[in-house]
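Chemist: This is the structure, below, for whatever I ask next.
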Amino acid sequence: MKQPRRLSFLRIALLLAAAVALVAAFIWLAAPKPAAQNVEEPPLAGAPIGGDFALTDQNGKRVTNDSLKGKYRLIYFGYSFCPDVCPVDVQRMAQGLKSFEASNPALGARVQPVFVTVDPARDTPAVLKDFAAAFHPRLIGLTGTQAEIDTAKRAYRVYAAKGEGTDPQNYLMDHSAFIYLMDPDGKPVMYFERADDAAAIAAGLAKWVR
Numbered sequence: 022m023k024q025p026r027r028l029s030f031l032r033i034a035l036l037l038a039a040a041v042a043l044v045a046a047f048i049w050l051a052a053p054k055p056a057a058q059n060v061e062e063p064p065l066a067g068a069p070i071g072g073d074f075a076l077t078d079q080n081g082k083r084v085t086n087d088s089l090k091g092k093y094r095l096i097y098f099g100y101s102f103c104p105d106v107c108p109v110d111v112q113r114m115a116q117g118l119k120s121f122e123a124s125n126p127a128l129g130a131r132v133q134p135v136f137v138t139v140d141p142a143r144d145t146p147a148v149l150k151d152f153a154a155a156f157h158p159r160l161i162g163l164t165g166t167q168a169e170i171d172t173a174k175r176a177y178r179v180y181a182a183k184g185e186g187t188d189p190q191n192y193l194m195d196h197s198a199f200i201y202l203m204d205p206d207g208k209p210v211m212y213f214e215r216a217d218d219a220a221a222i223a224a225g226l227a228k229w230v231r
């Protein structure tokens, strides 16, 4: 006679367990879930920009893509004898970096500014030493043979051509004028145009440098 009562208690226990599980499921479904994190890709992610190069800096030291590994790089191609565009662009790049360094010293130290000449005939290491020192204490000025410069230009999709002129020491260079931001692995992150002022460059660094 006691068996039916034990079965009733068992049924009640099972029903209560099911009810508790159902309530727990409803609570879990109703609870707010964390929003999925959307990781924004860099504007130049996957672009075929950058690659191997071997050039000489203002101190006569060889610099390669691998020797800059681990550093973000701000890279600009120009020439020191440029009368207007290049000095303004390099100044914007330097000021943007200095602003970022002031607000984020540790991250700022991870960014290496680089100037690559497109006029190696005149931009010797000695010339680039004076040029680089005028803009930023950590600016690396790179030169090399024409073949070495051409390799770097191709890697970074840079256009440059010597203008017409009869004086071999007095001529202009026509060239593209972008400032590239590369990541520590040498992959492209974004580029800055001539319309981007120092504040825009600092903002770009703040967004992408980690």
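Numbering (this note's numbering), first residue to last: 22 to 231.
The beta-carbon is built from N, C-alpha and C at its ideal position, and this holds for glycine as well.
Taking residue 200 as the reference, give the member of 67, 115, 78 with the closest Cα.
Modeler: Translated into positions along the sequence shown, residue 200 becomes position 179. Among 67, 115, 78, the Cα nearest to that of residue 200 is on 115.
Chemist: Within the same chain, show all residues whose beta-carbon is closer than 8 angstroms to that of residue 159, passing over the 5 residues directly before and after it, in chain order.
Modeler: Residue mapping note: residue 159 aligns to position 138 of the sequence shown, counting from 1. For residue 159, where only same-chain residues beyond five positions count, the Cβ hits under 8 angstroms are 133, 134.
Chemist: Taking Cβ positions, are residue 124 and residue 216 nearer each other than 9 angstroms?
Modeler: As a working mapping, residue 124 is identified with position 103 in the sequence shown. As a working mapping, residue 216 is identified with position 195 in the sequence shown. Result no, Cβ atoms of residue 124 and residue 216 do not sit closer than 9 angstroms.
Chemist: Find the nearest neighbour of residue 188 within the set 168, 106, 143, judged by alpha-carbon distance.
Modeler: Counting from 1 along the sequence shown, the entry for residue 188 is found at position 167. Checked all of 168, 106, 143; the closest Cα to residue 188 is 143.
Chemist: Return the chain-ordered list of same chain residues with a C-beta closer than 7 angstroms to the C-beta of residue 186, the five sequence neighbours on each side being excluded.
Modeler: Working through the sequence shown from its first residue, we reach residue 186 at position 165. These residues qualify, in order along the chain: 192.
Chemist: Per DSSP, which residues does residue 91 bridge with? Please list them.
Modeler: As a first step, residue 91 is located in the sequence shown; it is residue number 70 there, counting from the start. DSSP lists no partner for residue 91.
Chemist: Terminal residues of the continuous alpha helix (DSSP H) containing residue 106?
Modeler: What you label residue 106 is simply residue 85 of the sequence shown in a count that begins at 1. Looking at the DSSP string, the run of the alpha helix (DSSP H) that includes residue 106 is 106-124.
Chemist: Compare the C-alpha of residue 63 against each of 208, 223, 219 and name the closest.
Modeler: Taking the sequence shown and counting its residues from 1, the one referred to as residue 63 is at position 42. The option with the nearest alpha carbon to residue 63 is 208.
Chemist: Determine the burial state of residue 177: buried for a count of at least 16 other Cβ atoms within 10 Å of its Cβ, exposed for fewer.
Modeler: In the sequence shown, residue 177 corresponds to position 156, counting from 1. Result: buried.
Chemist: Going by C-alpha distance, which of 82, 103, 221, 92 is nearest residue 190?
Modeler: By 1-based counting over the sequence shown, the position of residue 190 is 169. Closest by alpha carbon: 103.
Chemist: Residue 152 to residue 66, Cα distance in whole Å?
Modeler: Indexing the sequence shown from 1 puts residue 152 at position 131. Indexing the sequence shown from 1 puts residue 66 at position 45. Using only the alpha carbons, I get a separation of about 32 angstroms.
Chemist: Does DSSP classify residue 167 as helix, strand or coil?
Modeler: Position 146 of the sequence shown, counted from the first residue, corresponds to residue 167. Helix.
Chemist: Could you please give me the residues that DSSP links to residue 96 through a beta bridge?
Modeler: Numbered from its first residue, the sequence shown carries residue 96 at position 75. Residue 96 pairs with 135, 201.
Chemist: Residue 85 and residue 146: beta carbons closer than 9 angstroms?
Modeler: Start at 1 with the first residue of the sequence shown, and residue 85 comes out as number 64. Start at 1 with the first residue of the sequence shown, and residue 146 comes out as number 125. No, these two residues do not count as a Cβ contact at 9 angstroms.
Chemist: Which residues in the same chain as residue 197 place their Cβ atom closer than 6 angstroms to its Cβ, once the five residues preceding and following it in sequence are excluded?
Modeler: Against the sequence shown, residue 197 aligns to sequence position 176. Within the same chain, residue 197 has close Cβ partners 179, 180.
Chemist: With a CB to CB cut of under 8 angstroms and the five nearest residues on each side skipped, what residues in its chain are close to residue 71?
Modeler: Locating residue 71 in the sequence shown gives position 50, where the first residue counts as 1. The residues are 86, 176, 177, 201, 203, 207, 208, 209.
Chemist: Among 184, 68, 120, 109, which has the Cα closest to the Cα of residue 130?
Modeler: For this step, residue 130 is matched to residue 109 along the sequence shown. Among 184, 68, 120, 109, the Cα nearest to that of residue 130 is on 120.
Chemist: Are there 16 or more other CB atoms within 10 angstroms of the CB of residue 88, so buried, or fewer, so exposed?
Modeler: Counted from its first residue, the sequence shown places residue 88 at position 67. Classification of residue 88: exposed, given that the 10 Å Cβ count is below 16.
Chemist: Would you please state the rounded distance, in angstroms, between the beta carbons of residue 117 and residue 223? I believe it to be under 8 angstroms.
Modeler: As a working mapping, residue 117 is identified with position 96 in the sequence shown. As a working mapping, residue 223 is identified with position 202 in the sequence shown. Sure, about 5 angstroms apart at Cβ, within 8 angstroms.
Chemist: With a Cβ-Cβ cutoff of 9 angstroms, do residue 231 and residue 128 count as a contact?
Modeler: Here residue 231 is taken as the residue at index 210 of the sequence shown, counted from 1. Here residue 128 is taken as the residue at index 107 of the sequence shown, counted from 1. Cβ distance < 9 angstroms, so residue 231 and residue 128 count as in contact.
Chemist: Under 8 angstroms by Cβ, that's how I've got residue 140 and residue 194 pegged, so tell me the actual separation to the nearest angstrom.
Modeler: As a first step, residue 140 must be located in the sequence shown, where it is residue number 119. As a first step, residue 194 must be located in the sequence shown, where it is residue number 173. Yes, residue 140 and residue 194 are in contact; Cβ-Cβ is about 5 angstroms, under 8 angstroms.
Chemist: Where do the ends of the alpha helix (DSSP H) carrying residue 148 lie?
Modeler: The sequence position of residue 148 within the sequence shown is 127, counting from 1. Per DSSP, residue 148 belongs to the alpha helix (DSSP H) from 146-154.
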